[in-house]
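Q: The numbering used here applies: residue 2 is where the sequence shown begins, and numbers increase by one.
Think of the CB as a built atom: it goes at the ideal place given N, C-alpha and C, for glycine as much as any other residue.
Nothing here was measured: the structure is a model prediction, and the numbers come from that model.
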Amino acid sequence: MSAIDIVTVTLNPAVDQTLQVPGLQLGQVNNALSLRFDAGGKGVNVASVLADLGHACAATGLLGEDNAYIFENQFAARGIADHFIRMPGATRINVKLNDPQTGNTTDINMTAEEPAAAALQLLRAEIAALSAGPARVFVLAGSLPPGVPADYYATLTRDLKVAGKTVVVDTSGAPFAAALAGAPDLVKPNRHELETWLGRALPDRASVIEGARALRAAGPANVIVSMGEEGAFLLTDQGCWHARPPKVNVVSTVGAGDSMVAGWISATLQALAPDQALRLATASAAARVSSPEGALHRAGLAQLAAGVQVEVIEI
Ligand SMILES: Nc1ncnc2c1ncn2[C@@H]1O[C@H](COP(=O)(O)OP(=O)(O)OP(=O)(O)O)[C@@H](O)[C@H]1O
Ligand SMILES: [Mg+2]
2 MSAIDIVTVT LNPAVDQTLQ VPGLQLGQVN NALSLRFDAG GKGVNVASVL ADLGHACAAT
62 GLLGEDNAYI FENQFAARGI ADHFIRMPGA TRINVKLNDP QTGNTTDINM TAEEPAAAAL
122 QLLRAEIAAL SAGPARVFVL AGSLPPGVPA DYYATLTRDL KVAGKTVVVD TSGAPFAAAL
182 AGAPDLVKPN RHELETWLGR ALPDRASVIE GARALRAAGP ANVIVSMGEE GAFLLTDQGC
242 WHARPPKVNV VSTVGAGDSM VAGWISATLQ ALAPDQALRL ATASAAARVS SPEGALHRAG
302 LAQLAAGVQV EVIEI
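1) Could you tell me the alpha carbon to alpha carbon distance between V251 and D17, rounded to whole angstroms?
2) How many angstroms separate the CA atom of R87 from the CA atom of G308?
3) Report the rounded CA-to-CA distance for I94 versus P176, giving the unit in angstroms.
4) Is A40 near ligand 1, judged by its Cβ being under 8 angstroms from some heavy atom?
5) Please state whether the Cβ-Cβ distance between A278 and L305 is less than 9 angstroms.
6) My output table needs one value for F177: the three-state DSSP class, helix, strand or coil.
7) Skipping 5 residues on each side, what residues in its chain have a beta carbon closer than 7 angstroms to that of L199?
8) In the DSSP assignment, what are the bridge partners of A142?
9) Let me make sure I understand the geometry here. Which of A136, N32 and G148 has the alpha-carbon closest to that of A48?
10) Compute the Euclidean distance between the alpha carbons of E194 and N13, then round it to the nearest angstrom.
11) Is it the case that the stretch 122-129 contacts the stretch 100-112, given that we only count it when at least three CB pairs across the two stretches are under 8 angstroms?
12) For chain B, is any of its Cβ atoms less than 9 angstroms away from the one on N46?
13) Does the distance from the C-beta atom of K189 to that of M261 stay below 9 angstroms?
14) Starting from N99, trace the alpha helix (DSSP H) both ways and give me its first and last residue.
15) Say yes only if the C-beta of T254 is nearer than 8 angstroms to one or more non-hydrogen atoms of ligand 1, and no if none qualify.
16) Taking the beta strand (DSSP E) that F38 belongs to, which residues open and close that run?
17) DSSP state of M261, grouped into three classes?
18) Say the cut is 8 angstroms; is the CB of V163 nearer than that to a heavy atom of ligand 1?
19) Would the C-beta of R289 count as close to ligand 1, meaning under 8 angstroms from any of its heavy atoms?
20) With V226 and A233 assumed to form a contact (beta carbons below 8 angstroms), what rounded beta-carbon distance in angstroms separates them?
21) Are G65 and G42 closer than 9 angstroms when you measure CB to CB?
22) In chain order, what residues of the same chain lie with their CB nearer than 7 angstroms to the CB of G134, ignoring the 5 residues before and after it?
23) G44 and V10: beta carbons closer than 9 angstroms?
24) Ends of the beta strand (DSSP E) at T9?
25) With DSSP as the reference, label N191 as helix, strand or coil.
26) In the DSSP output, which residue or residues are listed as bridge partners for D108?
27) Run through DSSP, which three-state label would D67 get?
28) If you drop the 5 nearest sequence neighbours on each side, which residues of the same chain put their C-beta closer than 7 angstroms to that of A202?
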């Protein structure tokens with residue numbers, strides 16, 4: 002494997018356990034058609050897409066050793082360098098009960114246990130070691146487990162910026178608000194996350210653009226506000242753009258935002274202009290929503306990118 006270009010950090014991963022249960026009835030005995038386990042977590046998703054796009058990735062964070070094999074299998078299949086710290090016990094499991102007769106999915110999510118101080122120290126040391134290496138981009142993604150201070154990403158962002166790294170932060174709530182002052186290179190809230198940060202609704206296009214400007218003024222160099230099927234805005238020091246997704250058959254929107262982040266990073270590593278970065282990010286998201294399982298194909302991505310409509314927004 003070539004030298005690592007990107008490191009993703011996931012403190013609060015989860016195993017997605019999906020059971021297909023036709024005609025699911027709560028409170029009854031049900032028969033399942035199938036059971037599958039998938040490695041979940043935003044940084045893991047971002048690393049998977051980047052690996053599919055041909056980038057050398059390392060993934061770090063915190064994993065419970067009892068079910069770490071689910072992640073290890075995925076890292077091996079994708080060629081992702083495994084730098085996760087192992088902790089006693091199991092990584093939390095999010096159960097998805099899918100009824101193929103109705104198409105409904107019932108989610109039952111677990112809260113992680115508080116990580117031990119020693120595990121957090123090992124993680125900081127691992128990230129410091131990785132930042133002393135050739136990796137150019139660090140991705141801090143997802144929620145923080147209980148007991149981890151809300152300024153965790155903010156402190157990490159500052160340290161990584163001092164080390165000359167490009168830093169992407171994709172999270173929500175208090176860790177998101179705190180991270181902004183560390184001046185990450187990219188944040189990618191969805192519209193709801195931006196509304197939460199601002200404390201007001203963003204009912205139309207003009208208000209979303211205004212909200213993105215307020216967010217950029219708080220520290221990040223680049224802001225993408227994603228809006229599901231309505232596409233996304235990108236705001237940089239060079240201007241503002243809106244991208245409309247290509248027409249695709251939407252199978253599942255899980256991980257759409259993570260795939261968008263991965264596309265922007267891939268474009269940045271290729272030194273593409275901002276509008277082309279937004280185009281690739283949108284194509285990468287479209288590839289994920291139309292084909293949620295398995296590897297993302299680079300040939301298909303070029304075709305999707307050609308179908309993205311990018312418009313310059315005068316501000
Ligand atoms: N239904 C859809 N149709 C077409 N494109 C979509 C759809 N949903 C999402 N996308 C694409 O994915 C991008 C990111 O989606 P979204 O705004 O839902 O991110 P998110 O809420 O951060 O997702 P995540 O759950 O991964 O965090 C959108 O800007 C769009 O390009
Ligand atoms: Mg998101």
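A: Let me lay it out:
1) 20 angstroms
2) 43 angstroms
3) 22 angstroms
4) no
5) no
6) helix
7) G212 and A215
8) D171
9) A136
10) 18 angstroms
11) no
12) No chain B appears in this structure, which consists of one protein chain only.
13) yes
14) It is not in any alpha helix (DSSP H) - N99 instead sits in the beta strand (DSSP E) that spans I94 to N99.
15) yes
16) S35 to G41
17) helix
18) no
19) yes
20) 6 angstroms
21) no
22) I5
23) yes
24) I7 to T11
25) strand
26) K97
27) helix
28) E196
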